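Quick note, our numbering runs 687 ahead of the 1-based positions in the sequence shown.
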Amino acid sequence: QLQTSAAVNIDLGSDQYHHGCGRSRCRRRVASTGPLGLGVGEVRALLRDRMVALADRTILEFRSDAHIVSEGEWERARDCIAFAQDLSSRSAVVAKRAYIDAHLVRIAARDRAGFDAAVRGFRESARLDPQSPDPYLGLARIYAYSLREVEPLIEAIKEAEERGYQPGPREQAQIGDAYRFRADRSRAAAASLGGDERIEQLASAAEDYGQCIAHFEGLNFFDSENNLRTCRRRLAAIVDELHRPDADES
688 QLQTSAAVNI
698 DLGSDQYHHG
708 CGRSRCRRRV
718 ASTGPLGLGV
728 GEVRALLRDR
738 MVALADRTIL
748 EFRSDAHIVS
758 EGEWERARDC
768 IAFAQDLSSR
778 SAVVAKRAYI
788 DAHLVRIAAR
798 DRAGFDAAVR
808 GFRESARLDP
818 QSPDPYLGLA
828 RIYAYSLREV
838 EPLIEAIKEA
848 EERGYQPGPR
858 EQAQIGDAYR
868 FRADRSRAAA
878 ASLGGDERIE
888 QLASAAEDYG
898 QCIAHFEGLN
908 FFDSENNLRT
918 CRRRLAAIVD
928 ELHRPDADES
């Protein structure tokens, strides 16, 4: 507990403080009140560090395979990091603000323009803090399930790994899902084509379903078993179709 005067008694570890971050009230009091035994600058530094630590809880939870971070959690993290930003213009604090804001843009996005805006936010965070793996985890989430692009997803995971992040089941599932989505697109495109173009699309889909299977086998992560069965079933259907005598005449 940090006590700056009789007028200021802030429990920086309390759940109530974390949920609201007390930004406006505490900013006013820190600016107007002198502490007992601490200079105002020291109080501001302590508050800044505590607000960053509270925001970091959410950032670290997103790194975890086991926790799904809600919009409300990102909003509370934004409030905390915004308070910290009021107290310090350090690039690491600004980078965290850009990262958290990008997640909120991602969650709110409903079209390509919205997802592209989130991508720009994550890339701005990466520019501000080149050593952090976190912006690339945000990019991986978008490329896997919003934009559904395989190569940018793999590249984002690689960038996070180069910055000290250890990819786990979540990233393996993301890659498997991205291959499944691309395979589905190729399979759907083949339905409106004929001849060599149709064969080419089916072969591409078969290759991607194979990659999906390779990433989901033995994973046991969320819906991985259902997705594994789906990829196996669709791959078998394509193989049967490609081996029909009239396959190249359809």
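Every residue, glycine too, gets a C-beta built ideally from N, C-alpha and C.
None of these values were measured; they are calculated from a predicted model.
- Between the segment 833-848 and the segment 879-889, the count of Cβ pairs shorter than 8 Å is below three; the stretches do not touch.
- A residue is called buried once 16 or more other Cβ atoms fall within 10 Å of its Cβ, and A753, having fewer, is exposed.
- Short of 8 Å from the beta carbon of Q772, and not among the five residues preceding or following it, lie these beta carbons of its own chain, in chain order: V780, V781 and R784.
- Excluding the 5 residues flanking it on each side, G863 has same chain C-beta neighbours closer than 6 Å at C899, H902 and F903, in chain order.
- The alpha helix (DSSP H) runs of length 4 or more contained entirely in the segment 819-884 are, from start to end of the chain, 821-832, 837-849 and 856-877.
- For A923, the number of other beta carbons within 10 angstroms of its own is below 16, and it is reported as exposed.
- Per DSSP, the unbroken alpha helix (DSSP H) holding F802 starts and ends at R799 to L815.
- For the pair D821 and D798, the Cα-to-Cα distance works out to about 23 Å.
- Annotation: the continuous alpha helix (DSSP H) that includes H790 extends over S778 to A795.
- Apart from the 5 residues on each side of it in sequence, D803 has no Cβ closer than 6 Å to any other Cβ in its chain.
- With fewer than 16 neighbouring CB atoms inside 10 Å of its own CB, R931 falls in the exposed class.
- Around the beta carbon of V926, fewer than 16 other beta carbons sit within 10 angstroms, so the residue counts as exposed.
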